[in-house]
Amino acid sequence: MSKRNLLLAALVALAPQLASAHVTLDTTEAVAGSYQKIVLRVPHGCAGSPTTGIRVQIPEGAIAIKPQPKPGWQLSTKQGDYAHHYELHNTPIKSGVKEVQWSGGSLADEHYDEFVLRAYLAADLSTTEPLRFPVIQECETGIERWIDQDENAAHPAPALRILPKE
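The following block contains the structure:
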């Protein structure tokens, strides 16, 4: 086998690992107008350094956020006004959780973990654009910013494809 073919075979074999090296969601599709469990998968630290914090920005249209506490980590949220007003169970919703942060823990680079929250996805969410959840991964040494809006970028924000409500 030529060097070129060996290199190509190695790249093909590594592609799944490279693709999964990002902070991602365990589910890539969700239905508008429904509750969704959002699971952020963290597969590594920052260049070998342990993860000590995960901060996720909540996109417009994801409301009624309830983060799951995680043993060994402190949980905090930031509240704010929504750009649009929503209705949930016949109740107007104008503000809510805009950011969730888990901090003070330690996730070794060689380990994997998940950070979970629940959201209601507004019925009028766009089905043509993904709903992105930008994540800042803080480590003992360094920070990874999973915030790019382009899924092919080096640090894409985790995203959900929104399906229409049936």
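All the letters of the sequence shown, read from the start, carry residue numbers -21 to -1, 1 to 145 under mature numbering (1 follows the signal peptide of the UniProt record, and there is no 0). From the three backbone atoms N, C-alpha and C, an ideal C-beta is built for every residue, glycine too. Quick caveat: nothing in here was measured; it's all calculated off a predicted structure.
CA-to-CA distance, residue j to residue i, given in whole angstroms
i: ALA138; j: GLY121; result: 23 Å
i: GLU108; j: PHE94; result: 24 Å
i: VAL10; j: HIS68; result: 17 Å
i: GLU39; j: ASP88; result: 31 Å
i: ALA101; j: ILE42; result: 7 Å
i: PRO(-6); j: VAL35; result: Low confidence applies to PRO(-6): its pLDDT is 39, below 50, so where it sits in the model is not reliable, and the reading given next is rough at best. Each residue's alpha carbon lies about 24 Å from the other.
i: PRO48; j: SER82; result: 11 Å
i: GLU130; j: GLU8; result: 15 Å
i: PRO143; j: THR56; result: 29 Å
i: GLY51; j: ALA26; result: 23 Å
i: SER13; j: THR31; result: 32 Å
i: TYR61; j: ALA132; result: 28 Å
i: ILE33; j: PRO22; result: 12 Å
i: SER28; j: SER85; result: 10 Å
i: CYS118; j: THR6; result: 25 Å
8 Å CB neighbourhood of residue i in its chain, flanking five on each side removed
i: HIS64; result: PRO71, ILE72 and LYS73
i: LEU4; result: ILE17, VAL18, LEU19, ARG20, PHE112, PRO137, ALA138 and LEU139
Own chain residues within Cβ distance below 7 Å of residue i, not counting five before or after
i: TRP125; result: HIS1, VAL2, PRO113, VAL114, GLN116, HIS134, PRO135, ALA136 and PRO137
i: GLY59; result: SER74 and LYS77
Burial state of residue i (16 or more Cβ within 10 Å)
i: TYR99; result: buried
i: HIS90; result: exposed
i: GLY24; result: buried
i: GLU123; result: buried
i: GLN128; result: exposed
i: GLN53; result: exposed
Extent of the continuous beta strand (DSSP E) run through residue i
i: THR31; result: 30 to 36
i: ASP129; result: Element bounds for ASP129: n/a, residue is neither H nor E.
i: VAL2; result: From DSSP, VAL2 is part of no beta strand (DSSP E); its letter is neither H nor E.
i: PHE94; result: 92 to 100
i: LYS16; result: 13 to 21
i: GLU89; result: Note, GLU89: premise wrong, no beta strand (DSSP E); not H, not E.
i: ALA138; result: 138 to 142
i: GLU108; result: Careful: GLU108 lies outside any beta strand (DSSP E) and carries neither H nor E.
Close beta carbons around residue i, own chain, < 6 Å, minus the five adjacent residues each side
i: VAL(-10); result: Low confidence applies to VAL(-10): its pLDDT is 40, below 50, so where it sits in the model is not reliable, and the reading given next is rough at best. Correct list: empty, nothing qualifies.
i: LYS45; result: ARG97
Any beta strand (DSSP E) of 3 or more consecutive residues that is wholly inside the stretch 24 to 79: Here the runs fully enclosed are 30 to 36, 41 to 46 and 53 to 67.
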